[in-house]
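Student: Mapping the sequence shown onto UniProt numbering, position 135 (from 1) lands on 135, and the numbers just tick up by one. Here it is, the structure in full.
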Amino acid sequence: MDKRHLIVPKRCAIYTRKSTNKKLDHEINSLVMQREISSSYVHSQQYKGWAELQESYDDGGHSGSGLERPALARLMHDIEAGQIDIVVVYKIDRLTRSLLDFVRLIEIFDRRQVALVSVSQAFDTSDSMGRMILNILLTFSQFERELIAERVRDSIRTRKRHGKVHGGLPPFGYISSSNGLQVDLAEAEMVRFIFAEFLRTKRYTSVMTAVREAGFCSSIKTSKSGRERGGKPISPGTVYGILQNPIYVGEIRGHDRNYEGEHEAIISSETWSAAQGVSAERKNCSPGSKETDHFLAGLLWDDLGRHMLLDLNWHRGKTYAAYASSNAMWSQREFRRAYRANADDLDRLVIASVSQFLSDRSALRKALKTLGVFGPGLESLAEKGSFAAKRIESTPSRDRKELFTSIIDRVEVGEDELSITFRALELRRFLEWTGSSPFFGRPADWPCSDAKYEHVVAVRAIAAERWPSLHISPSDPALSAKPNKKLVSLIKSARKAQSLVEEHREWSIEELAKKKGCRPTHFARLIRVNYLAPDIVTAILDGRQPATLTRDLILRSNVPTDWALQRKLFGFAAPERAIEPRDLFGRGMWPNGPGSVRT
């Protein structure tokens with residue numbers, strides 16, 4: 001058979017998208033229509049070897065203005081894996097409405113030799129004419145989206161100029177009616193209480209505490225669809241929003257000024273002016289968070305899943321920067337304490353941890369293997385780790401934000417550890433980077449590869465309160481048992497060995513061991529006994545250690561420096577969390593466990 005007449009199979013993936021969730025639960029909807037028409041077109045091209053893939057790439061309820069869509073992410077991942085030859089869409093705007101995003105997608109398609117076909121617009125990107133028509137159509141799609149956005153903005157501004165609230169749920173203190181906003185008497189009293197407390201205490205936190213202690217809850221309201229909302233305790237975010245919203249003085253906040261509203265005011269203009277004067281006095285001074293060199297904002301989370309943001313405070317002309325946990329709704333309901341970490345210290349810690357990771361050939365090789373790098377290529381990249389570590393340390397502060405946002409996906413801070421998750425794709429590019437110009441990531445490539453590597457560092461970067469946290473407590477005679485003499489003797493012997501090192505710095509380890517009356521290897525193990533966690537040491541002194549713990553077990557283990565690992569290795573229970581939820585009144589811990597009520 002003549003090989004020139006063989007038809008090369010083309011694997012076709014059909015992508016569909018709908019901007020809203022409306023009617024998605026119907027049996028026949030826009031996604032079904034797009035798929036059926038595209039599928040029919042693919043079947044009509046069977047003579048070219050086209051074959052439809054069974055995998056569905058359907059994005060329902062996702063806008064075309066961005067690329068953060070789950071089905072599109074799966075599509076790009078399969079394209080990068082070489083499983084797709086042609087992408088079929090009903091119309092080009094189903095793929096994207098942004099010209100910039102389209103250029104990024106086409107760049108990836110070209111690299112993987114994947115064609116893009118639009119059924120209703122009758123073109124594909126396999127020839128230059130198709131590319132030209134595609135660019136023209138996409139330009140008009142983006143123009144249409146911008147026109148719609150302008151019409152919506154103009155409509156909102158016009159309604160505000162006439163003193164009307166434009167759509168959405170009514171603000172706290174009001175209810176919606178056919179005649180506009182009407183005052184909710186119960187909530188209006190709460191609004192007046194909040195403003196009065198703010199003028200009295202001049203502190204946001206004091207107002208929030210007063211509201212919590214008063215037990216204020218929002219009233220239950222019913223939406224047009226019949227759904228009920230409200231009836232929950234007022235959150236700190238709601239309190240702050242009330243103090244900043246001019247609607248309570250009878251005004252509507254506009255783009256550049258406030259307009260007189262048609263609704264009834266809840267507070268007087270004198271009260272509003274006085275509150276805004278207090279608020280102005282408490283506003284932050286320069287520099288703002290974006291004017292600093294702290295680069296972790298946007299990458300940082302705590303181990304409870306709360307985003308950690310940069311918090312700036314000023315005292316006597318000096319700026320104090322810290323990363324603090326955000327006020328997530330679930331965190332407010334459970335009154336969880338916020339994590340705080342000194343921003344300068346945490347920045348230095350992350351830089352040092354990343355540099356150490358790049359210098360550690362073993363850890364770096366494990367990370368590169370997650371990207372599928374093996375053989376000579378793996379060893380070549382691993383050799384560049386030490387040079388990359390030096391570039392990390394020498395990166396100017398103005399370029400750190402771009403660099404770390406590119407190679408790091410997420411940094412999580414826990415009580416006793418720091419977790420850094422690297423993007424394996426960008427990590428490889430950084431190792432190959434020459435350093436001749438600033439390093440820039442390629443966000444368009446991130447949806448194509450989800451390979452990541454988590455590097456964990458055993459370190460305490462946060463504290464429970466503004467004083468250090470240490471897991472030791474006074475000895476309780478009722479609980480203490482007779483101490484094990486051999487274990488206590490081991491602790492004392494280790495401290496004497498450490499004293500010898502400190503007193504005779506000019507001696508070699510052989511001379512120190514001879515003075516102690518043991519071999520150098522035994523002397524080294526004695527020194528490591530001093531690394532035991534304080535709670536383990538105090539338990540041994542009190543005789544509360546596990547029965548399985550012996551002197552030989554401690555010495556043979558060559559005591560690891562990780563306290564959490566020590567507890568697991570020697571059979572000790574993990575200590576209680578240092579950071580516990582606040583009680584309902586914010587004055588301490590829950591008296592009878594989380595959720596209990598103080599009597």
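Where is the CB? At the ideal position from N, CA and C, for every residue including glycine.
Give the DSSP-derived three-state secondary structure of S155 in the structure shown.
Tutor: Within the sequence shown, residue 155 is the residue found at index 155, counting from 1. If DSSP states are grouped into helix, strand and coil, S155 belongs with the helices.
Student: List the endpoints of the continuous beta strand (DSSP E) containing K10.
Tutor: Sequence index remark: in the sequence shown, residue 10 carries index 10 (1-based). From DSSP, the beta strand (DSSP E) with K10 extends over K10 to K18.
Student: Should I148 and V191 be called a contact, given that it needs their Cβ atoms to be closer than 7 Å?
Tutor: In the sequence shown, residue 148 corresponds to position 148, counting from 1. In the sequence shown, residue 191 corresponds to position 191, counting from 1. Not in contact: I148 and V191 (Cβ atoms no closer than 7 Å).
Student: For the stretch 479-491 and the stretch 403-419, state whether three or more C-beta atom pairs, one from each stretch, are separated by less than 8 Å.
Tutor: Cβ pair count under 8 Å is below three, so no.
Student: Figure out for me which residue from L346, L381, A388 and S325 has the closest Cα to the Cα of Q356.
Tutor: In the sequence shown, counting from the first residue as 1, residue 356 sits at position 356. Taking only the C-alpha atoms, the option nearest Q356 is A388.
Student: Within 10 angstroms of its Cβ, does P9 collect 16 or more other Cβ (buried), or is it exposed?
Tutor: Taking the sequence shown and counting its residues from 1, one reaches residue 9 at position 9. Exposed, since its Cβ has fewer than 16 Cβ neighbours within 10 Å.
Student: What's the gap between the Cα of G571 and the Cα of Q545?
Tutor: Taking the first residue of the sequence shown as 1, we reach residue 571 at position 571. Taking the first residue of the sequence shown as 1, we reach residue 545 at position 545. Spanning the two alpha carbons is a distance of roughly 8 Å.
Student: Cβ atoms of G163 and I266: under 7 Å apart, would you say?
Tutor: One-based indexing of the sequence shown puts residue 266 at position 266. One-based indexing of the sequence shown puts residue 163 at position 163. The answer is no: Cβ separation not under 7 Å.
Student: Quick check on this structure: which residue in L31, S98 and K366 has the alpha carbon closest to the alpha carbon of S65?
Tutor: Here the question's residue 65 lines up with position 65 in the sequence shown. It is S98.
Student: Round the Cβ separation of V457 and S353 to the nearest angstrom and send it over; I've been treating them as touching at under 8 Å.
Tutor: By one-based count along the sequence shown, residue 457 stands at place 457. By one-based count along the sequence shown, residue 353 stands at place 353. The Cβ separation is near 5 Å, so the contact holds.
Student: Are the beta-carbon atoms of G261 and G254 separated by less than 7 Å?
Tutor: In the sequence shown, residue 261 corresponds to position 261, counting from 1. In the sequence shown, residue 254 corresponds to position 254, counting from 1. Taking 7 Å as the Cβ cut-off, G261 and G254 do not qualify as a contacting pair.
Student: Here's a check: name, in chain order, each residue in its chain whose Cβ is nearer than 6 Å to the Cβ of C12, leaving out the five neighbours to either side.
Tutor: Mapped onto the sequence shown, residue 12 falls at position 12. Answer for C12: V42, W50, E52, I86 and V88, listed in chain order.
Student: What span of residues does the alpha helix (DSSP H) with E187 cover, start to end?
Tutor: What you label residue 187 is simply residue 187 of the sequence shown in a count that begins at 1. Element bounds for E187: L185 to T201.
Student: Which word fits V239, buried or exposed, when buried means at least 16 other C-beta atoms lie within 10 angstroms of its C-beta?
Tutor: For the purposes of this step, residue 239 is taken as the residue at position 239 of the sequence shown. V239 should be labelled buried.
Student: What does DSSP give as the partner residue(s) for F422 in the beta ladder?
Tutor: The sequence position of residue 422 within the sequence shown is 422, counting from 1. I408 and Y453.
Student: Can you tell me whether DSSP reads W272 as helix, strand or coil?
Tutor: Here the question's residue 272 lines up with position 272 in the sequence shown. The answer is helix: DSSP assigns W272 an H, G or I state.
Student: Following the continuous alpha helix (DSSP H) through E262, name the residue where it begins and the one where it ends.
Tutor: By one-based count along the sequence shown, residue 262 stands at place 262. Taken as a continuous stretch (DSSP letters only), E262 belongs to no alpha helix (DSSP H), as it is neither H nor E.
Student: Classify L378 as helix, strand or coil using the three-state DSSP reduction.
Tutor: Working through the sequence shown from its first residue, we reach residue 378 at position 378. Three-state DSSP puts L378 in a helix.
Student: Could you please give me the residues that DSSP links to P233 through a beta bridge?
Tutor: Walking along the sequence shown from the start, residue 233 turns up at place 233. DSSP output for P233 lists C217 as bridge partner(s).
Student: Quick check on W467: does DSSP put it in helix, strand or coil?
Tutor: Counted from its first residue, the sequence shown places residue 467 at position 467. The pLDDT assigned to W467 is 47, lower than 50, so where the model puts this residue is not dependable; a value taken from the coordinates is nonetheless given after this. It is coil, neither helix nor strand.
Student: State the DSSP-derived secondary structure class of I536, mapped to helix, strand or coil.
Tutor: By one-based count along the sequence shown, residue 536 stands at place 536. In the structure shown, I536 sits in a helix (DSSP, three-state: H, G or I).
Student: When DSSP builds the beta bridges, which residues end up paired with R253?
Tutor: Counting from 1 along the sequence shown, the entry for residue 253 is found at position 253. For R253, which the question treats as bridged, DSSP gives the partners N258.
Student: Measure the beta-carbon distance from R400 to W301 and round it to whole angstroms, keeping in mind my assumption that it falls under 8 Å.
Tutor: Within the sequence shown, the letter at position 400 stands for residue 400. Within the sequence shown, the letter at position 301 stands for residue 301. In fact, because the Cβ distance is near 19 Å, the residues do not count as touching under 8 Å.
Student: When the distance is taken between beta carbons, is E187 closer than 7 Å to G173?
Tutor: Along the sequence shown, read from residue 1 onward, the residue named residue 173 stands at position 173. Along the sequence shown, read from residue 1 onward, the residue named residue 187 stands at position 187. Contact: yes.
Student: Going by DSSP in three states, R398 sits in which element: helix, strand or coil?
Tutor: As a working note, residue 398 is residue 398 in the sequence shown. Reduced to three states, the DSSP call for R398 is helix.
Student: Taking 7 Å as the cut-off, decide whether the C-beta atoms of W446 and F439 are in contact.
Tutor: Translated into the one-based positions of the sequence shown, residue 446 becomes position 446. Translated into the one-based positions of the sequence shown, residue 439 becomes position 439. Going by C-beta atoms, W446 is not nearer than 7 Å to F439.
Student: Write down every uninterrupted run of the beta strand (DSSP E) in the stretch 43-113 whose length is 3 residues or greater and which is fully enclosed by it, in chain order.
Tutor: Fully enclosed beta strand (DSSP E) runs of 3 or longer: 50-52, 57-60 and 86-89.
Student: Inspect the beta-carbon positions of N313 and Y320 and report whether they are closer than 7 Å.
Tutor: Stepping through the sequence shown from its first residue, residue 313 is reached at position 313. Stepping through the sequence shown from its first residue, residue 320 is reached at position 320. It is a contact, given that the beta carbons lie within the stated cut-off.
Student: Return the chain-ordered list of same chain residues with a C-beta closer than 6 Å to the C-beta of S19, the five sequence neighbours on each side being excluded.
Tutor: Locating residue 19 in the sequence shown gives position 19, counting from the first residue. S63, listed in sequence order.
Student: Considering Cα atoms alone, identify which of I472, R429, I420 and S436 is closest to S394.
Tutor: As a first step, residue 394 must be located in the sequence shown, where it is residue number 394. Answer by Cα proximity: S436.
Student: Starting from the C-beta of E338, find all residues in its chain whose C-beta is less than 7 Å away, skip the five residues before and the five after it, and write them out in chain order.
Tutor: As a position in the sequence shown, residue 338 is number 338, starting the count at 1. The amino acid occupying residue 338 in the given sequence is Ala; Glu does not appear at that position. Hits under 7 Å: A324 and S325.
Student: Tell me where the beta strand (DSSP E) around S177 begins and ends.
Tutor: The residue labelled residue 177 in the question sits at position 177 within the sequence shown. Here the beta strand (DSSP E) through S177 covers Y174 to S177.
Student: With DSSP collapsed to three states, give me the class of N484.
Tutor: Residue 484 sits at position 484 when you count from the first residue of the sequence shown. Three-state DSSP puts N484 in coil, outside helix and strand.
Student: Spatial neighbours of T222 within its chain, please: C-beta separation below 6 Å, excluding the five flanking residues on both sides.
Tutor: Within the sequence shown, numbered from 1, the residue matching residue 222 stands at position 222. Around T222: E228.
Student: Please classify W507: does DSSP put it in a helix, a strand, or coil?
Tutor: As a position in the sequence shown, residue 507 is number 507, starting the count at 1. Coil at W507, not helix or strand.
Student: Beta strand (DSSP E) containing T434: first to last residue?
Tutor: If you number the sequence shown from 1, residue 434 lands on position 434. Per DSSP, T434 belongs to no beta strand (DSSP E) and is neither H nor E.
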